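Student: Chains A and B are the protein sequences, given in the same order. So the first sequence is numbered by numbering that gives the first Met the number 0: it starts at 0 and just counts up by one. So the second sequence is numbered by numbering that gives the first Met the number 0: it starts at 0 and just counts up by one. Glycine is no exception: its CB is placed at the ideal position from the N, C-alpha and C atoms. Computed from a prediction, not measured in an experiment: that's the story for all the values here.
2 protein chains.
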Amino acid sequence: MTSVINVNLPEQSYEIAIAPSSLDQLGQQMASLKLGKKVLLVSNPTIFKHFGERAIASLTSAGFEVASCTLPPGERYKTLNSIQKIYDIALENRLERSATMVALGGGVIGDMTGFAAATWLRGINVVQVPTTLLAMVDSAIGGKTGVNHPHGKNLIGAFHQPRLVLIDPEVLKTLPMREFRAGMAEVIKYGVIWDAELFAQLEASKRLDQLRYVKPDLITYILTRSCQAKADVVSKDEKEGGLRAILNYGHTIGHAVESLTGYRLVNHGEAVAIGMVAAGQIAVELGMWQKEDTERQNALIQKTGLPTQLPSGVDIEAIIDALQLDKKVKAGKVRFVLPTEIGVVTITDEVPSDIIRQVLRGM
Amino acid sequence: MTSVINVNLPEQSYEIAIAPSSLDQLGQQMASLKLGKKVLLVSNPTIFKHFGERAIASLTSAGFEVASCTLPPGERYKTLNSIQKIYDIALENRLERSATMVALGGGVIGDMTGFAAATWLRGINVVQVPTTLLAMVDSAIGGKTGVNHPHGKNLIGAFHQPRLVLIDPEVLKTLPMREFRAGMAEVIKYGVIWDAELFAQLEASKRLDQLRYVKPDLITYILTRSCQAKADVVSKDEKEGGLRAILNYGHTIGHAVESLTGYRLVNHGEAVAIGMVAAGQIAVELGMWQKEDTERQNALIQKTGLPTQLPSGVDIEAIIDALQLDKKVKAGKVRFVLPTEIGVVTITDEVPSDIIRQVLRGM
Numbered sequence: 000m001t002s003v004i005n006v007n008l009p010e011q012s013y014e015i016a017i018a019p020s021s022l023d024q025l026g027q028q029m030a031s032l033k034l035g036k037k038v039l040l041v042s043n044p045t046i047f048k049h050f051g052e053r054a055i056a057s058l059t060s061a062g063f064e065v066a067s068c069t070l071p072p073g074e075r076y077k078t079l080n081s082i083q084k085i086y087d088i089a090l091e092n093r094l095e096r097s098a099t100m101v102a103l104g105g106g107v108i109g110d111m112t113g114f115a116a117a118t119w120l121r122g123i124n125v126v127q128v129p130t131t132l133l134a135m136v137d138s139a140i141g142g143k144t145g146v147n148h149p150h151g152k153n154l155i156g157a158f159h160q161p162r163l164v165l166i167d168p169e170v171l172k173t174l175p176m177r178e179f180r181a182g183m184a185e186v187i188k189y190g191v192i193w194d195a196e197l198f199a200q201l202e203a204s205k206r207l208d209q210l211r212y213v214k215p216d217l218i219t220y221i222l223t224r225s226c227q228a229k230a231d232v233v234s235k236d237e238k239e240g241g242l243r244a245i246l247n248y249g250h251t252i253g254h255a256v257e258s259l260t261g262y263r264l265v266n267h268g269e270a271v272a273i274g275m276v277a278a279g280q281i282a283v284e285l286g287m288w289q290k291e292d293t294e295r296q297n298a299l300i301q302k303t304g305l306p307t308q309l310p311s312g313v314d315i316e317a318i319i320d321a322l323q324l325d326k327k328v329k330a331g332k333v334r335f336v337l338p339t340e341i342g343v344v345t346i347t348d349e350v351p352s353d354i355i356r357q358v359l360r361g362m
Numbered sequence: 000m001t002s003v004i005n006v007n008l009p010e011q012s013y014e015i016a017i018a019p020s021s022l023d024q025l026g027q028q029m030a031s032l033k034l035g036k037k038v039l040l041v042s043n044p045t046i047f048k049h050f051g052e053r054a055i056a057s058l059t060s061a062g063f064e065v066a067s068c069t070l071p072p073g074e075r076y077k078t079l080n081s082i083q084k085i086y087d088i089a090l091e092n093r094l095e096r097s098a099t100m101v102a103l104g105g106g107v108i109g110d111m112t113g114f115a116a117a118t119w120l121r122g123i124n125v126v127q128v129p130t131t132l133l134a135m136v137d138s139a140i141g142g143k144t145g146v147n148h149p150h151g152k153n154l155i156g157a158f159h160q161p162r163l164v165l166i167d168p169e170v171l172k173t174l175p176m177r178e179f180r181a182g183m184a185e186v187i188k189y190g191v192i193w194d195a196e197l198f199a200q201l202e203a204s205k206r207l208d209q210l211r212y213v214k215p216d217l218i219t220y221i222l223t224r225s226c227q228a229k230a231d232v233v234s235k236d237e238k239e240g241g242l243r244a245i246l247n248y249g250h251t252i253g254h255a256v257e258s259l260t261g262y263r264l265v266n267h268g269e270a271v272a273i274g275m276v277a278a279g280q281i282a283v284e285l286g287m288w289q290k291e292d293t294e295r296q297n298a299l300i301q302k303t304g305l306p307t308q309l310p311s312g313v314d315i316e317a318i319i320d321a322l323q324l325d326k327k328v329k330a331g332k333v334r335f336v337l338p339t340e341i342g343v344v345t346i347t348d349e350v351p352s353d354i355i356r357q358v359l360r361g362m
């Protein structure tokens with residue numbers, strides 16, 4: 000069973016195809032898009048070991064000439080240096096404008112491959128084949144690409160939409176538990192900001208802390224609803240003029256926590272979970288959200304095994320300072336996405352620092 | 000007298016404003032665009048010494064907060080390393096999404112500032128204030144930005160349109176003669192590919208080899224007609240799907256010559272001049288263009304003091320090989336822009352290597 004979601008954009012629309020074993024259909028799916036013959040597959044060593052051969056076999060049998068390159072795993076290698084390696088291999092293999100880069104991996108590989116494709120010859124095709132839950136429901140969709148600056152996450156980047164997003168839920172079987180949970184943070188986010196039915200389904204599920212307790216049907220449901228939520232929002236606001244900013248729910252404080260812990264102690268999903276708890280409480284303090292709803296949200300986060308408290312040792316004033324560096328800052332004012340009910344959020348830059356301080360102290 | 004040319008694009012249109020002393024109007028012109036308060040002015044040390052103070056004074060008096068940075072001059076510094084310096088200063092000055100980078104300089108500064116603006120926070124505003132003839136009539140218009148890869152020019156880049164192009168012809172007075180001539184190569188190009196009247200005006204002018212022999216009225220005419228030609232082409236084909244490729248007239252072999260001489264011996268305009276002579280002759284050999292017209296073109300190039308012959312020591316086979324690396328290569332076939340009459344060109348990828356070889360041997 001293949002579930003297909005359309006991302007409709009003015010310049011170029013594309014499909015998100017979700018189906019078990021679809022990794023073996025990669026070449027065939029790409030062939031139907033009439034892309035050039037040359038493909039550069041970018042991955043990390045672990046993912047490449049698991050799935051590289053299958054991806055290459057599928058591409059080759061569909062007639063593509065495939066070169067590949069692997070980059071070291073982890074957010075701290077999401078740098079211009081890694082991009083330079085992709086450029087070098089693109090040059091060696093004489094990638095032309097009609098060529099395609101394929102990102103086989105998690106968010107780091109997807110963001111970097113997307114950015115390299117956005118900037119090689121001023122833009123070539125990219126296909127996203129996400130292998131983590133986080134990348135499947137979030138980073139592989141919507142065209143945000145980029146790398147980190149030593150002093151801030153994703154400060155360097157471009158908008159560059161993929162030609163196809165291919166999701167094979169079966170590849171999640173090799174995903175470490177902590178990574179699975181990190182992805183669930185974004186899934187819960189969609190429930191809070193957009194899809195109350197998804198939220199209710201998650202609440203009704205007994206366990207969400209490990210993939211093996213989640214039935215394949217529910218996984219497909221979770222992927223489909225989450226991708227649909229992201230596609231809905233991105234289709235309405237490709238370049239974050241307005242609505243798209245709601246996807247940053249939990250990310251304002253989340254990014255600060257991630258950055259202050261050196262992108263190591265706390266991963267992105269965990270940081271978003273902490274950020275959602277904080278944002279929920281801020282909304283309660285401002286009288287915008289019901290206390291019961293924030294408790295429902297936090298219970299769901301806990302059921303998934305994600306943190307709901309600040310990691311010890313993180314300085315609250317350092318978080319307040321770091322917020323000023325956020326990309327979402329406008330005229331020095333920090334923008335927050337805050338829930339008003341399950342499935343609905345609003346955006347405000349009128350959150351007093353004292354409220355932020357107080358909420359963080361309570362965590 | 001201000002001459003204003005509109006570049007009409009689906010996502011964002013902008014003006015090219017040409018007027019003597021307009022450098023002092025920079026701040027005022029930008030203020031009318033309702034950009035954010037923060038500006039990062041990027042220049043090179045020589046240009047900054049000549050014009051930096053005036054630009055900053057104009058910006059400051061219009062209410063902008065201005066930071067500045069200078070980068071070493073020359074094509075060989077058009078690298079990701081230089082871009083990283085711009086990012087560092089953008090971070091230090093906390094440039095937000097509403098901020099603007101202003102490129103005050105020639106093509107190298109314009110391309111790099113444009114690329115930095117395209118990729119900082121996934122895209123902030125850029126204003127182009129070109130100070131060389133080449134940048135005024137060509138690189139500052141149309142949104143092509145980028146840097147060089149050690150093995151190829153402009154291989155890394157993005158499309159990112161400026162919010163404004165401000166041209167002050169008076170700044171050309173400090174431009175070295177060789178740079179003036181380099182710009183004239185692109186002016187002649189517009190005559191050949193698009194504007195027979197401009198071509199005729201250039202033919203009718205006694206001397207074109209130094210700025211001081213060209214009357215201010217003619218300079219304004221040259222700037223206006225050239226910018227109009229570029230704006231016409233770019234408006235019809237922003238991302239080089241088809242028509243825009245005609246701007247590469249003279250650039251196919253030109254880029255190869257530039258690259259093989261290490262971007263030092265021959266500058267961009269000189270390389271384009273050589274490339275136009277070669278392309279013209281190829282068109283004649285293929286029976287597409289009149290011999291008399293190619294002679295008119297070459298006479299104009301010579302009158303401007305530009306080279307019409309290959310620099311000694313450049314290996315013809317190396318040029319043939321280098322053509323394969325050109326961004327314009329499609330499925331291994333090199334695309335050439337060839338004239339069919341003065342003011343009209345066509346695009347073909349059916350030029351036999353032997354014809355290229357023969358023409359280059361004759362130069």
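Going along the segment 115-129 of chain A in order, which residues come within less than 8 Å of chain C, judged by CB to CB distance?
Tutor: Looking at the structure shown, chain C is missing, and the protein chains on hand are A and B.
Student: When we look at the beta-carbon of M29/B and count the other beta-carbons within 10 Å, is it buried (16 or more) or exposed?
Tutor: For the purposes of this step, residue 29/B is taken as the residue at position 30 of the second sequence. Classification for M29/B: buried.
Student: Curious, which full-length alpha helix (DSSP H) runs of at least 4 residues does the segment 224-299 of chain B contain?
Tutor: Correct list: 250-259 and 267-284.
Student: By the DSSP assignment, the beta strand (DSSP E) with E14/B in it spans what residues?
Tutor: Taking the second sequence and counting its residues from 1, one reaches residue 14/B at position 15. Here the beta strand (DSSP E) through E14/B covers Y13 to I17.
Student: Tell me, please, which residues DSSP counts as bridged to H148/B.
Tutor: Taking the first residue of the second sequence as position 1, residue 148/B is located at position 149. G151/B.
Student: Between Y189/B and chain A, is the shortest Cβ-Cβ distance under 8 Å, so that the two count as touching?
Tutor: As a working mapping, residue 189/B is identified with position 190 in the second sequence. Y189/B does not count as touching chain A.
Student: Write down every uninterrupted run of the alpha helix (DSSP H) in the segment 307-353 of chain B whose length is 4 residues or greater and which is fully enclosed by it, in chain order.
Tutor: 315-322
Student: Would you tell me roughly how many angstroms separate the C-alpha atoms of P215/B and L222/B, rounded to the nearest one?
Tutor: To locate residue 215/B, count along the second sequence from 1; it is residue 216. To locate residue 222/B, count along the second sequence from 1; it is residue 223. Rounded to the nearest angstrom, the two C-alpha atoms are 10 Å apart.
Student: Hey, how far is the Cα of V41/B from the Cα of A56/B?
Tutor: Reading the second sequence from its first residue, position 42 is the one you call residue 41/B. Reading the second sequence from its first residue, position 57 is the one you call residue 56/B. One C-alpha to the other measures close to 15 Å.
Student: What does R93/A reach in chain B if we use C-beta pairs closer than 9 Å?
Tutor: Taking the first residue of the first sequence as position 1, residue 93/A is located at position 94. Chain B residues near R93/A: Q323, L324, V328 and G331.
Student: Decide if P9/A is buried, meaning its Cβ has at least 16 other Cβ atoms within 10 Å, or exposed.
Tutor: Taking the first residue of the first sequence as 1, we reach residue 9/A at position 10. Flag for P9/A reads exposed.
Student: Our contact map puts G151/B next to S258/B with C-beta atoms below 8 Å; I'd like the distance itself, whole angstroms only.
Tutor: On the second sequence, residue 151/B is found 152 positions in, with the first residue counted as 1. On the second sequence, residue 258/B is found 259 positions in, with the first residue counted as 1. Contact check for G151/B and S258/B: beta-carbon distance about 7 Å, within the 8 Å limit, so the pair qualifies.
Student: Kindly indicate if chain A contains any beta-carbon less than 8 Å away from that of I346/B.
Tutor: As a working note, residue 346/B is residue 347 in the second sequence. No, I346/B lies away from the interface with chain A (no Cβ there is under 8 Å from its Cβ).
Student: Which bits of chain A does F158/B rub up against, with CB to CB less than 9 Å?
Tutor: By one-based count along the second sequence, residue 158/B stands at place 159. Within chain A, the residues near F158/B are R121 and G122.
Student: Report the residue from N124/B, Q24/B and P71/B whose alpha carbon sits nearest the alpha carbon of G35/B.
Tutor: To locate residue 35/B, count along the second sequence from 1; it is residue 36. The option with the nearest alpha carbon to G35/B is N124/B.
Student: Rounded to a whole number of angstroms, what is the C-alpha to C-alpha distance between K290/B and Q209/B?
Tutor: Residue 290/B sits at position 291 when you count from the first residue of the second sequence. Residue 209/B sits at position 210 when you count from the first residue of the second sequence. Cα to Cα, the separation comes out at about 28 Å.
Student: If distances are taken between C-alpha atoms only, which option among I218/B, A181/B, I341/B and M0/B comes closest to E294/B?
Tutor: Mapped onto the second sequence, residue 294/B falls at position 295. Of I218/B, A181/B, I341/B and M0/B, the residue nearest in Cα terms is I341/B.
Student: P310/A and T251/A: beta carbons closer than 8 Å?
Tutor: Working through the first sequence from its first residue, we reach residue 310/A at position 311. Working through the first sequence from its first residue, we reach residue 251/A at position 252. In this structure, P310/A sits away from T251/A, with a CB-CB distance that is not shorter than 8 Å.
Student: Against K205/B, what residues of chain A qualify as contacts under a CB-to-CB distance less than 8 Å, listed in chain order?
Tutor: In the second sequence, the residue the question calls residue 205/B occupies position 206. Near K205/B there are no residues of chain A at all, since even the closest Cβ is about 40 Å away, more than 8 Å.
Student: Bridge partners for V104/B per DSSP, in chain order?
Tutor: What you label residue 104/B is simply residue 105 of the second sequence in a count that begins at 1. The identity of residue 104/B in the sequence shown is Gly, whereas the question assumes Val. DSSP, once it has assigned bridges, lists P129/B as partnering G104/B.
Student: Beta carbon of E145/B, beta carbon of A157/B: below 8 Å?
Tutor: For the purposes of this step, residue 145/B is taken as residue 146 along the second sequence, with counting starting at 1. For the purposes of this step, residue 157/B is taken as residue 158 along the second sequence, with counting starting at 1. It should be pointed out that residue 145/B corresponds to Gly in this sequence rather than to Glu. Yes; because the gap between Cβ atoms is below 8 Å, this pair is in contact.
Student: If M287/A and Y248/A are in contact, beta carbons under 8 Å, what's the gap, nearest whole angstrom?
Tutor: Mapped onto the first sequence, residue 287/A falls at position 288. Mapped onto the first sequence, residue 248/A falls at position 249. Rounded, the Cβ-Cβ distance is 13 Å, inconsistent with contact.
Student: Would you grab the beta carbon distance between L413/B and R53/B for me? Rounded to a whole angstrom, and I think it's under 8 Å.
Tutor: Only positions 0 to 362 of chain B appear in the structure, and residue 413/B is not among them; the question remains open.
Student: Using a beta-carbon distance below 8 Å, is I85/B in contact with chain A?
Tutor: Position 86 of the second sequence, counted from the start, is the residue given in the question as residue 85/B. Not closer than 8 Å to any Cβ of chain A, the Cβ of I85/B fails to qualify, so no.
Student: If you run the structure through DSSP and keep just helix, strand and coil, what is K33/A?
Tutor: Taking the first residue of the first sequence as 1, we reach residue 33/A at position 34. Three-state DSSP puts K33/A in coil, outside helix and strand.
Student: Is I166/A helix, strand or coil by DSSP?
Tutor: As a position in the first sequence, residue 166/A is number 167, starting the count at 1. Three-state result, I166/A: strand.
Student: Which first and last residues belong to the beta strand (DSSP E) in which A195/B is found?
Tutor: Along the second sequence, read from residue 1 onward, the residue named residue 195/B stands at position 196. It is not in any beta strand (DSSP E) - A195/B instead sits in the alpha helix (DSSP H) that spans A195 to A203.
Student: For the putative contact between T130/A and G104/A, defined by C-beta atoms under 8 Å, what is the C-beta separation to the nearest angstrom?
Tutor: The count along the first sequence starts at 1 and reaches residue 130/A at position 131. The count along the first sequence starts at 1 and reaches residue 104/A at position 105. Sure, about 6 Å apart at Cβ, within 8 Å.
Student: Contact between the segment 178-197 of chain A and the segment 224-233 of chain A is defined here as three or more beta-carbon pairs at a separation below 8 Å; is this criterion met?
Tutor: yes
Student: What residues of chain B sit near I155/A, judged by a beta carbon separation below 7 Å?
Tutor: The residue you call residue 155/A lines up with position 156 of the first sequence. Under the 7 Å cutoff, chain B gives Y86, T118 and W119.
Student: Could you pull out every residue in the same chain whose Cβ sits closer than 8 Å to the Cβ of L58/B, ignoring the five residues on either side in sequence?
Tutor: On the second sequence, position 59 is the one that residue 58/B refers to. For L58/B, where only same-chain residues beyond five positions count, the Cβ hits under 8 Å are L25, G26, M29, V38, L40, V65 and V101.
Student: Excluding five sequence neighbours on each side, which residues of the same chain lie with their C-beta closer than 6 Å to the C-beta of S97/B?
Tutor: By 1-based counting over the second sequence, the position of residue 97/B is 98. Result list for S97/B: G35, in chain order.
Student: Please classify D353/A as buried or exposed, where buried requires at least 16 other C-beta atoms within 10 Å of its C-beta.
Tutor: Within the first sequence, numbered from 1, the residue matching residue 353/A stands at position 354. Exposed, since its Cβ has fewer than 16 Cβ neighbours within 10 Å.
Student: Cβ of I140/B versus every heavy atom of the ligand GTP: is any distance shorter than 7 Å?
Tutor: Absence of the ligand GTP from the depicted structure is noted, as is the absence of any ligand whatsoever, leaving it without description.
Student: Confirm, please, whether the CB-CB distance from G106/B to H267/B is below 8 Å.
Tutor: The residue given as residue 267/B occupies position 268 in the second sequence. The residue given as residue 106/B occupies position 107 in the second sequence. Against a cut-off of 8 Å, the Cβ pair of G106/B and H267/B comes out as a contact.
Student: Quick check on A66/A: does DSSP put it in helix, strand or coil?
Tutor: Translated into the one-based positions of the first sequence, residue 66/A becomes position 67. Strand.
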